[in-house]
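Protein chains in written order, with numbering that gives the first Met the number 0: chain A, 0 to 763; chain B, 0 to 373. Note that CB positions come from ideal geometry on N, CA and C, so glycine has one too.
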Amino acid sequence: MADQKGTKRSSVESDAQDSKRIKTDDRSNPYLAHLNMDGANDDFKSPLDEMERHNTTALQAAKAEDSDTNPWTGKPHSENYFKILKTRRDLPVSKQRAEFLELYHKTQILVFVGETGSGKTTQIPQYVLYDELPHQTGKLIACTQPRRVAAMSVAQRVANELDVELGQEVGYSIRFENRTGPKTLLKYMTDGQLLREAMHDPNMNRYSCIILDEAHERTLATDILMALLKEIAHRRSDLKIIVMSATLDAQKFQSYFSLRKEDPPAPLLAVPGRTHPVEIFYTPEPERDYVEAAVRTVLQIHAVEPEGDILLFLTGEEEIEDACRRISLEVDDMVRESDAGPLAIYPLYGTLPPHQQQKIFDKAPEPFRKGGRPGRKCIVATNIAETSLTIDGIVYVVDPGFSKQKIYNPRSRVESLLVSPISKASAQQRAGRAGRTRPGKCFRLYTEKAFKKELIEQTYPEILRSNLSNTILELKKLGVEDLVHFDFMDPPAPETMMRALEELNYLACLDDDGGLTKLGSLASEFPLDPALAVMLISSPEFYCSNEILSITSLLSVPQIWIRPNNNRKRADEMKAQFAHPDGDHLTLLNAYHAYKGAEQNGEDVKKWCHEHFLSFRHLSSADNVRAQLKRIMETHEIELVSTPFNNKDYYTNIRRALLAGFFMQVAMKESSNSKIYKTVKDDQMVMIHPSTVVSSPYDWVVYNEFVLTTKQYIRTVTNVRPEWLLEIAPVYYDVDTFEKGEIKSALTRLTEKVKRRQAMKGGY
Amino acid sequence: MGLAGAKNKRRLGNDPNNNRWMRNTESFGQKMLRSQGWEPGQYLGAKDAAHADNYGAASVSHIQVTLKDDNLGLGAKRNNGDECTGLFDFQHLLGRLNGKSEEALETELKKREDLKLNSYLERRLGTIRFVRGGWLVGDVLKEEPQEGADKGEANGAQESSEESTEESAETEPSEPPSKKRKAEQGTDKDDEKARKKEKKSKKRKTESDAETDSADSKERKKDKKSKKRKVDSTDSDTEPTKSKKSSKREKQKSESPEDVDTAAEDVKEKKDKKDKKERKKEKKEKKEKKDKKKKDKTDSGAETGESSSKEKKRRKENSATPAVESGVSTPTGSGYSTPVTTNTRYLARSRFIAQKKMAFADSAALNQIFMIKS
């Protein structure tokens, strides 16, 4: 999507070009440019040489930008460069370059607020580049992005703007891809990636300036990075930090980044965006059915409002597809019955294939006949359209006030995606989407009272909504000992922290004094949840690390099974082909092996996946993840072994290896003829998700996730034997630590049985 | 639903909140935190942090959400069957016993009736109505966008009061709606500040307009309903035709698409006030066209004077609409005159309207209808 954004913008720029560009004096004779250039880089006098680091001015930088030769590569600037330069100078940020530099020179930490469309993500790092002059110091400039696509596409964009090749002077680094080189001066990266780097470079010595972009999104990694950088800033006074946010809680950032308590808040620079006012409408009464109301509102807008595209926010894939269907049916009717214009409807959600996501940037349809009512497009999206991507032409926003949010409950250890009311900040953000091109309208499907009373002020940052075991492991690895007083911007709930510590202790990643163990240190090298990492690391003990590696990568990507509504039966039949009676994990593995087999046979894998109702996209990304994990395993000398396939223990070994990481996600059947299971230790009543292929589940099962809908389900389950539990995780399954109940008595019985058997063996 | 409703049986475990774990002071996590100086009830995070004022409830305990498994809109409450019926009547009775004035009781009654009608309409015709909530300029909510912000409001109030006087002078004195309207505008002028409150009462009033109106003459009710326009546009559109007799009704019906246009135009007008004048001219022309059509039927003698005065009035009203809309809880000017006919029942009718519309677009057909020899 973001790629599209880039191209979209550049096309705008090429429109805006003018060949009559007045030549500046330093570009007196382009025909002679080669004379300066030809292989004689030593003679070349770079405008950068005149500039003094941390004492540059906007004028100097502009001069350097205007020069014929590229100061960073020494090659002449291309024609296109000047076209882009012109549009860059039109960006709102550009007017405040001098002001920015002045503040930047004065302070170590700067908070920068720029509305979307101000150009901050592309321009500020370049301004810093011309001031830091990293080729002199050898220290890089890093700019973090919460999303991988954004990091990639922005890096590409900036490389174009600087007229350099991507991967050379400007590069990017994301989880599965690193496109930087020895020449790299400016590096775009995901926030998670910078955090990983920090593990091996605790002072961030490679960087002279770190820019945290989109800080308002408050991802887990950004939050941790902010706290870390705040600490590093004390140690390294030469490190400059810029925190960029799109809106709102600028003061919060400011007060957080005053390094000492007595210090004034960090200085702020705000740049206005290019937004138009948006008129807000509420419903007078609450709506009975927000989807229905949303559909009708869209139709109403289409019927009576003047030209302009519509953006409707809904919560999830299913809801979006349903709404799209309903709208298109009604619009067909409307078109048949009246002279309404055409309406193109596009869904937009994260799991949509990229080529379909691209469609949202298509032009609105033409009117049916010349001079007829204008056509428009309607995009039905999840909250990814709220901040992440910008669609021009949106004039009407319909906001039912809900979104799906991740919530973690440390008490039941369940992380789930639930539909919940959005925040006020989020509602304003949504409304703001209507004012990108001209004054717009936002229709909120709730009352003004509900807006004021029922919505929280700010969306909870991710750190308050997630399982922290991975984060705590990372912090431990980063050398943070005192977790209680770690300077979070929003400290997580103590119980969440307790749970994370406890889990890590059971996984033997932390010893009983809270110190990082060898296993823990190794686990933190993997970009995985600790349970998965531990499972992977201990898999050679079970002679199945190859298989566990595949399963781990399959569990790290979205569901590979496709089950279209109109073809469920066929999809189930196809899935049954891969089914293993003992477990969904094993079924996943079978599907993966079949996929690889098809690939090796030279079949058209895309077609093969389509025929077998498997997601090609997710399978190939699992393949990618697998390759990367394999590399990590190899560097840490973790053996890749397999039990021979005809060995009868082939699948048993895998099932046992699963328990090495997931022994805390085990459930026991309540009674032999019941369908209800109880999770071990947390005593939650659960059922096995209907998607399972396990025909006759055992009394004990290991599960991958806990799904919360109207019922509590466990999904992706595999049969296990309770004896294995005692054997593989004796600490967790220490009978004395259990509360009285069915599970305890079952375990007691089992221990006795095992003891008896051992005694018998010993007797012989 | 009450007793007849579907039973939602759900088994809960003994300790769904897992308090046992929380209370267990021996757990590894709790021991670790305590060893680093944490006490139950305290926040995590840096000591004496400058930003500690910003900590929220989510830093104390995990975020608790309710599971949402229906499509109920934000703020809507599900009727669990525990709503008492007849409370209103009881209240009414108590009010009378307590010696409330007849007027107060009357207004309460009206309110209630309006509410009923409101919900009926919504159920039946199901348009989504909206109330204005100001402008979002950048991040800040404002009453009006910067350009000509106060102009609109102030002018509006003035004009509407003017309008009301004129209206009372011109329109048939026996018409209850106009009376009410006048009163309404009076209040408008009086307390602009208590807008929100007023909004509500006004909304009700406007709806009651429609109601009383409909009671007035059944025919008109039908007419109005079919068009389903909100009072704002109704007033401006129906008044000129009110004096005309039923032969016109048909024509008026067919005009409703045009009404849509004007409504849409109104909205636009609100947005760019610069174009206002041009638009007005357009409208005037349109109006003149309409009048011409009328002229064919009525004798021309009295017409000229009347139409010109009507035009004047119409213009006034037009210019007043933005203000009225911003003040009253009008449904946005969006979509209020076209019902979203999701019901198949309306299919035939809309087809009929479409046919009419086509006929009107065709001048030859028009001439036939009006029996004009060209």
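A/Leu-310 has its alpha-carbon roughly 33 Å from the corresponding atom of B/Asp-113. At a cut-off of 8 Å between beta carbons, A/Val-701 makes no contact with chain B. Contact check for A/Pro-276 and B/Val-130: beta-carbon distance about 18 Å, past the 8 Å limit, so the pair fails to qualify.
Counting only Cβ-Cβ distances below 9 Å, A/Tyr-255 has contacts in chain B at Ala-48, Ala-49, His-50, Asn-53, in chain order.
The C-alpha of A/Arg-412 is placed about 11 Å away from the C-alpha of A/Val-679. A/Pro-490 reaches chain B at Tyr-42, Leu-43, Gly-44, Tyr-54, Ser-58, counting residues in chain order whose Cβ is nearer than 8 Å.
Listed in chain order, the non-local C-beta contacts of A/Ile-631 below 7 Å within the same chain comprise Glu-524, Phe-525, local neighbours out to five positions each way being set aside.
Bounds of any beta strand (DSSP E) do not take in A/Gln-664, whose DSSP letter is neither H nor E.
In the three-state scheme derived from DSSP, where H, G and I count as helix and E and B as strand, A/Val-706 is classed as strand. At a cut-off of 8 Å between beta-carbon atoms, B/Ser-349 makes contact with chain A.
Close to B/Met-21, with beta-carbon spacing below 7 Å, are these residues of chain A in chain order: Arg-410, Glu-494.
Counting along the chain, the unbroken beta strand (DSSP E) around A/Phe-111 starts and ends at 108-113. The continuous stretches of beta strand (DSSP E) do not include A/Gly-272, and DSSP gives it neither H nor E. From the listed residues A/Glu-598, A/Ala-656, A/Asn-564, A/Arg-432, the smallest Cα separation to A/Glu-540 is found for A/Ala-656. Counted as a single uninterrupted DSSP element, the alpha helix (DSSP H) harbouring A/Met-497 occupies residues 493-505. Relative to the Cα of A/Met-534, the nearest Cα in the group A/Phe-661, A/Asn-79, A/Thr-651 belongs to A/Phe-661.
Only buried fits A/Val-716, as 16 or more other CB atoms lie within 10 angstroms of its CB. Contact note: B/Leu-71 reaches chain A through Pro-285, Glu-286, Arg-287, Asp-288, Tyr-289, using a C-beta cutoff of 9 Å and chain order. Straight-line measurement puts the Cα of A/Tyr-591 at about 41 Å from the Cα of A/Asp-512. Secondary structure at A/Pro-353: helix, using DSSP grouped into helix, strand and coil.
Beta-bridge partners assigned by DSSP to B/Lys-141: B/Trp-134. Per DSSP, A/Tyr-103 lies in no beta strand (DSSP E); the unbroken alpha helix (DSSP H) holding it starts and ends at 96-105.
Under the three-state reduction of DSSP output, A/Leu-165 falls in the strand class. Our two residues, A/Glu-669 and A/Ile-471, have alpha carbons roughly 34 Å apart in a direct line.
Annotated three-state conformation of B/Gln-29 is helix, per DSSP. Around the Cβ of A/Pro-181, a 10 Å sphere holds fewer than 16 other Cβ atoms; the residue is exposed.
Between A/Ala-659 and A/Val-685, the gap from beta carbon to beta carbon reaches 8 Å or more. Fully contained in the segment 667-748 of chain A are the following beta strand (DSSP E) runs of length 3 or more, in chain order: 676-678, 684-687, 699-707, 711-718. If you look at A/Met-573, you'll find it in the alpha helix (DSSP H) that goes 567-577.
By the CB criterion at 8 Å, A/Glu-741 and B/Arg-19 fall outside the cutoff. In the structure shown, A/Val-640 falls within a coil segment according to DSSP collapsed to helix, strand and coil. Within chain B, the C-beta atoms nearer than 7 Å to that of A/Val-277 come from Trp-134, Leu-135, in chain order. Nearest Cα to A/Glu-414 within the set A/Glu-704, A/Thr-458, A/Glu-168, A/Gly-519: A/Glu-704. Between A/Ser-544 and A/Val-640, the gap from beta carbon to beta carbon is short of 8 Å.
Residues of the segment 729-757 of chain A with a C-beta less than 8 Å from any C-beta of chain B: Glu-738, listed in chain order.
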